[in-house]
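Protein chains in written order, with the working numbering: chain A, 1109 to 1161; chain B, -16 to 712.
Glycine residues also receive a C-beta, built at the ideal position from the N, C-alpha and C atoms.
Owing to the predicted nature of the structure, the values given are computational and were not obtained by experimental measurement.
What follows is a set of notes on a single structure, which appears directly below.
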Amino acid sequence: MEVLSYLIPISLFLGGIGLVAFFWTLKSNQYDDPEGDSARILRTDYDDEPAQD
Amino acid sequence: MTTSESPSAAACPGCLAAPVMSERARKRAQAIGTEIQLSLPAIHCAGCISGVERGLMALDGVNDVRVNLTRKRATVHVADGLEAADLTAALSALGFEALPLDSATLSAGTSDRAARDLLMRLGVSGFAMMNVMLLSVAVWSGATDATRDLFHWISAMIALPTIAFSAQPFFRNAWSALQAYRLNMDVPISLAILLAAGMSLFETMNSGENAYFDAALSLTFFLLAGRFLDQKMRSVARSAAAELAALESPTALRLVNGVAETVPLTAIAVGDILMVRPGGRVPVDGTVVDGTSELDRAFLTGETDPVAVDVGTSVRAGEVNLTGPLHVRAEAVGKDTLLHSLADMVSVAEEAKSKYNSLADRAARIYAPLVHLLALAAFVLWLWLTGGDVRLALNIAVAVLIITCPCALGLAVPAVSTVASGRMFKHGLLVKHATALERLAEVDEVIFDKTGTLTKGTPQLRDPDMIPERAFAIAAALADASSHPRSAAIGAAARGRGLPVVTVTGIVEHPGLGVEGKLNGKVVRLGRAAWVSDDTESGATQIDIAGEAPVSLAFADTLRDGAHDLIAALNARGLPVTLLSGDARDPVQRLADELGITDWHAGVLPTEKAAMLEDRKSAGKRVLMVGDGLNDTAALALAHVSIAPASALEAARVAADVVLVSPDLSHITDALRIGRSARHRILENFGVAALYNSIAVPIAFLGFATPLSAAIAMSTSSIIVSLNAMRTR
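Have a look at this one:
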């Protein structure tokens, strides 16, 4: 069972990365235009980033 | 940098992107400039995004464009000197309908922030729930002793901060309800979360067997999901409503020493002289001091025929000037205008509407006290049975509170409303009011306004085949020079008819009277009968060629698309239909006969409309009112539920519960159908929740509930309720 002392911190750390990534998506306005983003991914135009406004 | 301009020649996406990218980077690097918001009601696909963004970037002075497809809006940063009108003109040339929005009215940042705040809490609780759930799986599958205690402690470390952060909205609502000596849905929720967390912590410290951290977290997560859906739906409706308001920028042209300047409406004082251009709306109540013209009063009175105005005529805010420029002395501004007094009437009626008891309110009123009583009963009963074992009794009481958790109840209404509003949006209907869907389901009578609602409010030439060809050709040539709606109707009817070519010279428009020109040296006139041929029959339009008998042209209002289908569908459903119009008897009767409406009233004043709605209300009828004008505003607010077309005046759109964005009227039947379906699903969901509770509560009450059974029961009921909501059509 000693393996738990490694696995639990590791899994919590990985989960924490996911949480931080979620905060980042929220901060960079990635949920503002879900319909537009699903359409934009199929275009051939270059698109640098969601507008920072 | 490549100079290739033809995208089809590019061999790879990167080659294609390079010039666009550098163009974008170059423009980004420039000063950001003024921000202009445009509404793009017709965009729907990736091609439209590219079309709009490329089209606008190609304009000089445009620094940045970003289209938001979800809100059907574009944010454009432009250099000074470029106006919103230039952008809309460029877009309409590309085939995209665009309308400038007033950015000041749109700054609805607060509701966005609230939605983002909820999303953050939802994300955190989801993350914590998943981790704690995994730890719980280990406990359920048989971890014992030190391992179980360790897992409980880790769960506690994740759960307690998460609850402190994520469940705040529930705590806050519950606290404000308790301060007002009321019980709302949030009180049992907060109690369940806090008791479950506290009890579990106590059990963990004492190496107990059962900890409900996962239950407390999933409770928070599911309920936050319901809150988030609710908030999202409301903010979409609210931003749509704000957008409609922003379409009418509140400005007027004030004349100072003969020079016109644009000023905000709030800066106008009584006695100011204002200029109203042809095509513009009269901004205040007042009297004409200079100029002659015709006014379209359809919004105020429902009359289809334009009214001639002259010096001394009084005008009302909201009327549309048609032919000549007018100078108007302001006599009532802001709060004193007729428009505003109607708006006050609306806010009184709104108050009444907010008192409507929604299904969710009624469910909460039964639910909240019942849960507390059940948990208390379980606590007292087990205390008595075990002879004072507080720990066991409290454990069972917490289990009862968690099992009866309103997860399914909290999701039942928002999930259905979200799906139903989405479906309504697809059919071109914006739901503005939270309980509008439920009220739509209860409708048992429909009342329509005529002008602008069942009809388009724009005239059409009647029987063009009966008009002599030569006279028609001359009329069309004269009509070309004028922007009067009837001239436009003549032009539209003449197009594609192969009329003989006539050359009319020296065309002059006489505001309020008609158009005059010369054909082979002879005077020809198109306009009011009284002006053309001294005929006193009012309202008629005639074409007169010197030396020949004048020819009368008759006009009728065109029906909106889908009006026939709508009335037929309502008749098939057995809903009584009534037509209330402020227009004259003849056109109303003609329209009623055409559509097969037997119950119609002509020449109805706004107050009479309101009185009629009041009557129906006291007779216990639930009326759906469909109208667009100022004269309908009070009636719209008084009706059980109301729909206004997007072309309606702002006051009418504000008063209405649902705005019909689509030009096709027959979507109103879709609205009724979706409303009924939504109500059905909500009731079904309540049934599911009740059934689940009737099985689970006895189990919890008898002390057989474990954290595992609580977790399974809670998730299944929430999932069943959400899936059922998807069936709303």
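Item	Value
Beta-bridge partners of I526/B, as assigned by DSSP	L509/B and V534/B
Residue range of the unbroken alpha helix (DSSP H) whose run includes Q20/B	Not the alpha helix (DSSP H): Q20/B falls in the beta strand (DSSP E), residues T17 to S22.
Pairwise C-alpha distance: L206/B and G395/B	Rather than Gly, the amino acid found at residue 395/B in this sequence is Ala. For A395/B and L206/B, the distance between alpha carbons rounds to 10 Å.
Chain A contact for S33/B (CB, 8 Å cutoff)	yes
Cβ-based burial, F1131/A [other Cβ within 10 Å; buried from 16]	exposed
Cβ of E1181/A within 8 Å of any chain B Cβ	Outside the displayed range of chain A (1109 to 1161) lies residue 1181/A, so it cannot be described from this structure.
A72/B burial status per 10 Å Cβ neighbour count (16 or more: buried)	exposed
Cβ neighbours of F431/B in the same chain (closer than 6 Å, five flanking residues each side left out)	L437, L562 and V609
Where the alpha helix (DSSP H) through H584/B begins and ends	Taken as a continuous stretch (DSSP letters only), H584/B belongs to no alpha helix (DSSP H), being part of the beta strand (DSSP E) at D582 to H584.
Which residues DSSP lists as bridging E492/B, in chain order	V498/B
Cross-chain neighbours of A1129/A in chain B, by beta carbon under 8 Å	Ordered by position in chain B, no residue passes the 8 Å Cβ test against A1129/A, which lies about 10 Å from the chain.
C-alpha gap between S466/B and G411/B, whole angstroms	30 Å
Supposed contact pair G1123/A and V50/B - C-beta distance, whole angstroms, cut 8 Å	Incorrect: roughly 36 Å between the Cβ atoms, too far for contact.
Chain B within 8 Å of V1111/A, Cβ atoms only	no
Cβ-Cβ distance between L1127/A and F196/B below 8 Å	no
Test: L1150/A CB closer than 8 Å to a CB of chain B	yes
Close Cβ partners of D653/B (< 6 Å) along its chain, the five nearest in sequence each way excluded	H410
For P589/B and D268/B, the rounded distance between their alpha carbons	17 Å
Residue interval of the alpha helix (DSSP H) (run including S183/B)	D169 to M188
C-beta atoms of L65/B and V35/B nearer than 8 Å	no
Segment contact, 8 Å Cβ cut-off, at least three pairs: the segment 441 to 456 of chain B with the segment 671 to 686 of chain B	no
Contiguous beta strand (DSSP E) assignments of at least 3 residues, all confined to the segment 426 to 455 of chain B	428 to 431 and 438 to 444
First and last residue of the uninterrupted beta strand (DSSP E) at L562/B	V560 to L563
Residue from A291/B, G510/B, F408/B and G545/B whose Cα sits closest to the Cα of S535/B	G510/B
DSSP state of V381/B mapped onto helix, strand, coil	helix
Nonlocal neighbours in the same chain, by C-beta distance under 8 Å from A98/B, ignoring five residues either side	F211, Q214, K215 and S218
Chain A within 8 Å of F153/B, Cβ atoms only	no
S183/B beta carbon less than 8 Å from that of A194/B	yes
Integer-rounded CB distance, given that T187/B should sit under 8 Å from A139/B	6 Å
Within chain B, partners of I1116/A - CB distance below 8 Å	I137
Contacts that V50/B makes with chain D (C-beta to C-beta distance below 7 Å)	Absence of chain D from the displayed structure is noted, the protein chains being A and B.
Cutoff 7 Å; reference L178/B; Cβ partners in own chain excluding five residues on either side	V381 and L384
C-beta neighbour in chain A for A29/B, strict 8 Å	yes
Option in V311/B, V170/B and A291/B with minimal Cα separation from W158/B	V170/B
Span separating the alpha-carbon of V641/B from that of A419/B	7 Å
F687/B vs A361/B beta-carbon contact at 8 Å	no
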